[in-house]
Amino acid sequence: MLRLLVLHGPNLNLLGTREPSVYGQVSLSDIDKSITRRSGELGIAVQTKQSNSEGELVTWIQNARGHFDGIIINPAAYTHTSIAIRDAIAAVALPTVEVHLSNIHQREEFRHHSFVAGVAIGQIAGFGPTGYLLALEALTTHLGTRHTSSRTRADLRKKPAASRR
Ligand code: CA2
């Protein structure tokens with residue numbers, strides 16, 4: 013069974029309580045519930061965690077190696093500042109999808125640059141909480157395709173040439 017780690021960065025614990033015009037009215041706990049529900053439908057195991065601390069996020073990313081097959085992360089403000097989070101993602105070399113509730117490219121100039129984007133397999137921004145569900149689909153497909161294609165290569169090696177036509 014695929015195992016995915018979902019990480020939420022600083023201040024996302026405030027979702028649904030402040031700035032609803034920017035970040036919506038849905039709480040982080042509601043987002044986590046919908047992630048868990050969808051992961052059940054997809055037949056994957058998911059763990060969700062939130063931290064306001066850069067170091068804690070770095071430690072969780074480091075510890076993901078061997079326990080998870082991929083990471084979904086909304087690094088929040090650390091997106092735009094944290095070389096440490098970027099380096100941790102690069103070091104564990106687990107496929108990582110970056111998620112943002114808002115479209116960071118439509119907002120202030122300082123939000124346009126992401127230190128994480130260069131080490132992520134992709135970025136999803138601007139779809140609100142749905143972005144996490146899109147990330148689940150994308151990462152599951154990415155990992156499934158990778159696994160399927162290596163199985164297919166092994167199957168092809170086993171079959172005699174005549175039966176491959
Ligand atoms: O759009 C996103 O998901 C962001 O990662 C959210 C970050 C922001 O710094 C990024 O540029 C884009 C901010 C998260 C703060 O969340 C709050 C939620 C409710 C009230 C106040 C902050």
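Terminal number for the sequence shown in the numbering used here: 177, no gaps in between. A virtual CB, placed ideally from N, CA and C, is assigned to each residue, including glycine.
Please report the straight-line C-alpha distance between residue i and residue j, rounded to a whole angstrom.
{"i": "Gly36", "j": "Ile85", "result": "19 Å"}
{"i": "Ala57", "j": "Thr71", "result": "20 Å"}
{"i": "Ile43", "j": "Ser33", "result": "17 Å"}
{"i": "Phe127", "j": "Ala89", "result": "11 Å"}
{"i": "Leu168", "j": "Gly55", "result": "Since pLDDT at Leu168 reaches only 42, below the 50 mark, its modelled position is unreliable, and the value read off the structure follows with that caveat. One C-alpha to the other measures close to 27 Å."}
{"i": "Arg119", "j": "Thr93", "result": "16 Å"}
{"i": "Leu69", "j": "Lys61", "result": "9 Å"}
{"i": "Asn25", "j": "Leu113", "result": "13 Å"}
{"i": "Lys45", "j": "His125", "result": "30 Å"}
Run through the DSSP bridge pairs and tell me what residue i is partnered with.
{"i": "Asn86", "result": "His20"}
{"i": "Val58", "result": "Leu16"}
{"i": "Arg30", "result": "Answer is none; Arg30 lacks a bridge partner."}
Measuring alpha carbon to alpha carbon, tell me which residue in the options is nearest residue i.
{"i": "Ala105", "options": "Ile56, Arg77, Gly28", "result": "Arg77"}
{"i": "Thr108", "options": "Lys45, Gly130, Ala96, Ile116", "result": "Gly130"}
{"i": "Arg98", "options": "Ala132, Asn75, Arg30", "result": "Ala132"}
{"i": "Ile95", "options": "Leu146, Gly67, Gln59", "result": "Gly67"}
{"i": "Leu27", "options": "Pro141, Ser51, Ala137", "result": "Pro141"}
{"i": "Arg123", "options": "Gln74, Pro87, Ser51", "result": "Pro87"}
How about residue i and residue j: do their beta carbons lie closer than 8 Å?
{"i": "Ile47", "j": "Leu148", "result": "yes"}
{"i": "Leu19", "j": "Asp81", "result": "no"}
{"i": "Leu151", "j": "Leu16", "result": "yes"}
{"i": "Gly134", "j": "Asn115", "result": "no"}
Legend entry - Those runs of the beta strand (DSSP E) which lie wholly inside the segment 105 to 138 and span at least 3 residues: 108 to 112, 134 to 137
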